[in-house]
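K.L.:
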Amino acid sequence: MLDLLSGFITELRNAGLPVSLTENLDAMEAIKHIPMEDRDAFKYALGATLVKNNAHWRSFETVFEVYFSLRGPEYAIDGDKDADEFWREMQEQQRQGNGGSGGMEGLSAEELMSILMKALMGGDQAMMRALARQAVQRFAGMEPGRPVGGTYYLYRTLRNLDLEAMLEKLMEISRQEVGGNLTALEERLERDEHKDQIEKFKQEIESEIRRRLVADRGVEAMAKTLRKPLPEDVEFMHASRDEMQNLKKALQPLTRKLAARLARKRRHGRKGPLDFRSTVRHSLSYGGVPADPQFKYPRPAKPELMVVADISGSVAAFARFTLMLVYAIQGQFSKVRSFVFIDGLDEVTEYFRNTEDIGVAIHRVNTEADVIWVDGHSDYGHAFEVFWNKFGKEIGPKTTVLLLGDARNNYHASGSWVIKEMRQKARHVYWLNPEPKSYWNTGDSIVSEYGTFTDGVYECRNMRQLEAFVEKLA
Amino acid sequence: MTHRFDSVQTVREGLKDVHYLADDGIAGVVFLADRLGKPVLVEGPAGTGKTQLAKSVADFTGARLIRLQCYEGLDESKALYEWNYKKQLLRIQADRKSDSWEDVHDDIFGEDFLLTRPLLEAITSEDPVVLLIDEVDRVEVETEALLLEILSEYQVSIPELGTIQAKQIPLVFLTSNNTRELSEALKRRCLFLHVDYPDMEREKEIVLTRVEGITENLADQIARIVRSIRQLDLKKAPSVSETIDWARTLVLLGIEHIEAEQAKETLHILLKYQTDIAKAAKELSIDK
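Sequences listed follow chains A and B, in order. Note that the numbering used here has the first sequence beginning at 26, numbered continuously upward. Note that the numbering used here has the second sequence beginning at 3, numbered continuously upward.
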């Protein structure tokens with residue numbers, strides 16, 4: 026058991042979770058009090074002692090599933106077992122499973138589907154689990170030692186089940202149940218209900234596949250393939266759609282934290298000159314002796330921000346995130362103006378001003394902004410020239426200019442003189458590059474040509490780096 | 003040391019008796035907190051019953067609840083202890099001639115002159131207590147350090163008096179709305195519990211237990227609508243307390259079955275931003 030746990034904790038650390046020695050000891054202490062058979066309680070016990078940040082919970086869950094997936098109430102295992110034994114256990118359990126799950130082997134595909142439909146309708150968890158096991162066995166075509174990822178098996182299983190059609194069928198049944206038509210509200214509620222059930226079923230299938238893969242390949246190999254970066258470490262440029270969703274969710278609390286921190290920093294900066302009035306006022310409680318001198322807090326001017334972002338293909342996601350972040354904390358700046366470009370340039374400040382919903386504004390940026398001049402390939406030189414001619418005179422000594430992009434200019438003229446001019450008028454000019462540092466200045470990237478004229482070029486590949494930069498900025 | 007709870011199940015049932023419906027995670031962590039003698043750091047969105055958890059635990063264990071509300075600028079004299087200066091002054095003036103310097107010195111720094119504040123009170127208390135340190139993320143990082151000694155050793159060091167050990171280990175809950183990252187030192191000393199919005203079944207149960215005179219049918223409908231609303235991309239998702247408020251309103255209005263019209267009229271109890279209300283109304287197609 027101890028070995029298993031220490032392997033588990035090593036894997037957590039590999040996945041990027043900060044697990045300290047005391048937390049490790051706490052976990053060991055905690056599991057003494059929790060029976061191993063109660064898998065949920067066991068999971069929460071480990072979670073409470075090892076994971077101290079909710080954003081890390083998903084990573085924890087994945088690792089947990091891999092390491093302890095075969096240890097649950099359904100498969101009462103006693104004592105210590107290592108990875109080899111899992112496999113044997115697995116096969117044995119499969120044999121039992123075939124006998125135990127009510128002879129599902131003999132069912133035809135149609136019968137299986139109708140059972141599934143009933144289970145989904147009634148929200149029958151145990152039945153769903155049994156069905157997931159059956160479906161994977163039947164459709165996924167898993168063979169030991171086959172070097173294919175879990176997603177492939179998942180795809181195969183789901184293709185055969187056709188859950189989309191299932192949703193419609195379920196809706197149909199709901200409609201029939203009330204005898205006729207549902208009101209719009211009811212329709213929506215029913216749909217959400219069924220979607221929720223189907224989602225649960227998908228998760229069952231996923232964990233079933235994972236369970237089998239673990240049994241086949243061993244715990245450590247599996248944990249390694251499933252290792253995913255923590256939300257704050259996901260790279261903007263390579264984020265999948267799911268990861269994007271998670272990033273968006275993570276952005277909200279992050280901006281709140283950032284804004285609170287910045288406001289606090291502004292208030293508790295260095296002390297200013299003596300505040301005479303306040304000192305006299307406070308001295309009254311000491312009988313007129315100025316025992317507690319009061320100081321004025323300097324109120325540093327809030328910077329004015331101009332964001333100029335490349336929104337062409339590869340870097341678009343990064344630009345969106347930076348814009349979202351900047352607007353979420355716009356209270357920290359006296360004024361924010363934003364511009365987007367590909368080879369033409371357009372101001373998009375209005376989109377953000379007219380709506381409270383940043384998502385809507387971003388959508389308008391993507392669809393309405395007029396950023397194409399010739400062919401829709403990045404042309405930094407032209408975009409900068411347009412920017413300088415139209416808005417250059419509005420850059421003042423309070424303005425901070427943020428340039429976002431990978432500086433891949435498709436071998437056009439660089440127009441770097443604009444940056445040079447800009448630097449002389451503005452307070453600061455920064456460049457944020459979403460590419461890894463090692464890629465800079467390779468191929469058509471000319472980031473260092475621009476970089477020499479700015480106050481700094483920063484690598485901004487993930488949320489963590491972006492957050493650090495914004496904190497420095499405000 | 004004797005334990006308060008026999009099993010996770012007892013915690014769960016005990017909490018249920020005082021109308022707090024705990025899920026596996028919550029009950030498990032409370033159970034562990036007692037067994038390991040560690041504080042619990044409860045984190046989660048506003049209005050999911052973090053503070054209520056501490057209150058309910060106090061309620062069902064029959065312990066006294068001592069609450070320390072945190073805010074910016076909280077300091078030692080408000081959280082731990084303070085010397086009663088006025089009383090000390092009086093003592094010195096009362097018999098100026100008779101006592102030697104040593105006597106007075108030892109005397110005025112005795113426990114008689116100590117004003118206990120919540121943290122000290124919690125550990126010196128004879129009867130069982132539950133200590134709630136509310137919204138700990140509001141204090142500055144430096145002030146957090148005040149809590150460390152009491153959280154890990156259950157003791158308070160007073161320079162003039164020495165170290166005061168806890169008479170019994172209280173159950174400690176810290177709540178945080180996550181407006182800033184708490185220090186590693188604090189997190190390390192605590193068990194971590196994230197309380198999220200409940201799933202539909204639990205929310206329905208919560209509504210049923212907390213709202214008097216509600217029918218099962220209505221509670222079910224409420225829980226489903228709230229779930230659908232939470233799935234939308236809103237500024238502020240409805241919290242459990244707002245769900246309960248909404249349920250109470252509907253009961254007061256004598257509504258048995260929610261129709262689109264009524265839902266639209268009462269939506270402002272659930273959502274607090276105009277844009278959110280408009281969005282929810284549109285999404286749930288109750289806006290004509």
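The beta carbon of each residue, even a glycine, is placed where N, CA and C say it ideally should be.
(1) With distances taken Cα to Cα, identify the nearest neighbour of H263 of chain A among A:V340, A:Q319 and A:L192.
(2) Return the residue from the list A:A493, A:Y178, A:H58 and A:K77 that minimises the CA-CA distance to T280 of chain A.
(3) In the DSSP assignment, find the unbroken alpha helix (DSSP H) run with R69 of chain B in it and report its ends.
(4) Roughly how many whole angstroms lie between the Cα atoms of S439 of chain A and T177 of chain B?
(5) Output the distance between the C-alpha atoms of E136 of chain A and L156 of chain A, rounded to the nearest integer angstrom.
(6) Could you tell me the alpha carbon to alpha carbon distance between T53 of chain B and S241 of chain B, rounded to whole angstroms?
(7) So if I threshold CB-CB distances at 9 Å, which residues from the region 205-235 of chain B count as touching chain A?
(8) Could you check what DSSP says for S79 of chain B in three-state terms: helix, strand or coil?
(9) Once the 5 residues before and after A342 of chain A are set aside, which same chain residues still bring their CB inside 6 Å of it?
(10) Pick helix, strand or coil for K68 of chain A, following the three-state DSSP scheme.
(11) Going straight from the alpha carbon of R96 of chain A to that of W248 of chain B, what length do you get?
(12) Within the 8 Å Cβ cut-off, does G384 of chain A reach chain B?
(13) Can you give me, in chain order, the residues of the region 169-186 of chain B that have a beta carbon less than 8 Å from any beta carbon in chain A?
(14) Return the bridge partner residues of N458 of chain A from the DSSP annotation.
(15) Can you give me the C-alpha to C-alpha distance between D222 of chain B and E218 of chain A, rounded to a whole angstrom?
(16) Going by C-alpha distance, which of A:N466, A:I336, A:E419 and A:S45 is nearest R191 of chain B?
(17) Show which residues of chain B have a CB atom less than 9 Å away from the CB atom of D395 of chain A.
(18) Does S126 of chain A come within less than 8 Å of chain B when only Cβ atoms are used?
(19) Cβ closer than 8 Å: which chain B residues qualify as neighbours of E48 of chain A?
(20) Which chain A residues are close to R37 of chain B, counting only those with a beta carbon under 7 Å from its beta carbon?
(21) Given a cut-off of 8 Å on the beta-carbon distance, is the pair K423 of chain A and P328 of chain A in contact?
(22) Can you list, in chain order, the residues of its chain with a C-beta nearer than 8 Å to that of I420 of chain A? Leave out the 5 residues immediately preceding and following it.
(23) Could you pull the DSSP bridge partners for R433 of chain A from this structure?
(24) Could you say if the region 203-210 of chain B and the region 67-74 of chain B meet the contact criterion of at least three C-beta pairs nearer than 8 Å?
(25) Give the residues of chain B in contact with N391 of chain A, contact being defined as C-beta atoms less than 9 Å apart.
(26) Could you check how far apart the C-beta atoms of A394 of chain A and V365 of chain A are, in whole angstroms? I think they sit under 8 Å.
(27) Using a C-beta cutoff of 8 Å, does T74 of chain A count as contacting chain B?
(28) Classify V10 of chain B as helix, strand or coil using the three-state DSSP reduction.
(29) Kindly list the residues whose CB is nearer than 6 Å to the CB of G406 of chain A, restricted to its own chain and excluding five residues on each side of it in sequence; keep chain order.
(30) Pick helix, strand or coil for R362 of chain A, following the three-state DSSP scheme.
(31) CA-CA distance, I271 of chain B and Y69 of chain A?
(32) Hey, could you find the ends of the beta strand (DSSP E) A334 of chain A is sitting in?
(33) Give me the chain A residues within the contact set of H2 of chain B, using Cβ-Cβ distance strictly less than 8 Å, ordered along the chain.
(34) Could you compute how far the alpha carbon of F111 of chain A sits from the alpha carbon of F89 of chain A?
(35) Which residue comes first and which comes last in the beta strand (DSSP E) that contains F93 of chain A?
(36) Could you name the residues of chain B that L214 of chain A contacts, counting a contact when the two beta carbons are closer than 7 Å?
P.N.:
Walking through what the data contain:
(1) A:V340
(2) A:A493
(3) First-last for R69 of chain B: R66 to Q71, but that is the beta strand (DSSP E), not the alpha helix (DSSP H).
(4) 53 Å
(5) 11 Å
(6) Straight across, the Cα-Cα distance linking T53 of chain B with S241 of chain B is about 14 Å.
(7) So the close ones are Q223, R226, I227, R229, S230, Q233 and D235.
(8) helix
(9) F261
(10) Secondary structure at K68 of chain A: helix, using DSSP grouped into helix, strand and coil.
(11) Only weak support is given to the placement of R96 of chain A: the predicted model assigns it a pLDDT of 48, under 50, and the value that follows is read from those uncertain coordinates. So the two alpha carbons sit approximately 42 Å from each other.
(12) yes
(13) N180, T181, R182, E183 and E186
(14) A:E484
(15) Going by the C-alpha atoms only, they are around 12 Å apart.
(16) A:S45
(17) What D395 of chain A touches in chain B: nothing, since even the nearest Cβ is about 27 Å away.
(18) Caution is warranted here: a pLDDT of 43 is assigned to S126 of chain A, below 50, making its placement in the model unreliable, and the coordinate value is therefore given only provisionally. Answer no: the Cβ-Cβ gap between S126 of chain A and chain B never drops below 8 Å.
(19) Neighbours of E48 of chain A on chain B, chain order: R190.
(20) H58
(21) yes
(22) M331, V426, M447, K450 and A451
(23) A:S470
(24) Contact check between the region 203-210 of chain B and the region 67-74 of chain B: fewer than three CB pairs, one atom from each, fall below 8 Å, which does not count as touching.
(25) Residues of chain B passing the Cβ test: none, with the nearest at roughly 16 Å.
(26) 5 Å
(27) yes
(28) helix
(29) Here the set comprises H437, A438, S439 and G440.
(30) strand
(31) 34 Å
(32) Run containing A334 of chain A: E329 to D335, per the beta strand (DSSP E) assignment.
(33) Shown here, chain B extends from 3 to 290; a query on residue 2 of chain B therefore has no answer.
(34) At F111 of chain A the pLDDT is 47, less than 50, meaning the model places this residue with poor confidence and gives no usable figure here.
(35) In the DSSP assignment, F93 of chain A falls outside any beta strand (DSSP E) and lies within the alpha helix (DSSP H) extending over W82 to F93.
(36) R226, I227 and S230
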